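Chemist: Numbering-wise (my numbering), the sequence shown opens with residue 11 and increments by one.
Structure provided below as structure tokens; questions to follow.
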Amino acid sequence: MAKLSNTPKNRASCFCANCPSFNDCAKGKKELLYCAEEVGKSACEIPMNGCMCGACPIHEQFKLKSGYYCIHGSAAQVD
11 MAKLSNTPKN RASCFCANCP SFNDCAKGKK ELLYCAEEVG KSACEIPMNG
61 CMCGACPIHE QFKLKSGYYC IHGSAAQVD
């Protein structure tokens, strides 16, 4: 798997902000791209209200396998 980094290009493709689990805490901390090695698990308590990771272009581009990176950690940790 190619290294997934927290770059402006990858952040622009990220679906996290539209996810049903994304909350005000994560929005306030400007968290995105949880699947990236430099980001990983949220600093916020994230409810499992649905996961859009599988529909995200980053997920396909980097051949990711999991979801809920906001809760479980980066792709490097959980995939």
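Even for Gly, the Cβ is constructed at its ideal location relative to N, Cα and C.
Computed from a predicted structure; not experimentally measured.
CB Phe72 to CB Cys45, shorter than 9 Å?
Modeler: Yes, Cβ-Cβ distance for Phe72 and Cys45 is below 9 Å.
Chemist: Taking the alpha helix (DSSP H) that Ser23 falls in, what are its first and last residues?
Modeler: Looking at the DSSP string, the run of the alpha helix (DSSP H) that includes Ser23 is Pro18 to Ser23.
Chemist: Enumerate in chain order the residues of its own chain whose CB-to-CB distance from Glu47 is below 6 Å, with the five nearest sequence positions on each side excluded.
Modeler: So the list reads Ser84 and Ala86, once near-sequence residues are dropped.
Chemist: Can you tell me where the alpha helix (DSSP H) with Ile56 in it begins and where it stops?
Modeler: No alpha helix (DSSP H) contains Ile56, which DSSP labels as neither H nor E.
Chemist: Measuring CB to CB, does Cys54 end up less than 9 Å from Glu41?
Modeler: The answer is yes: Cβ separation under 9 Å.
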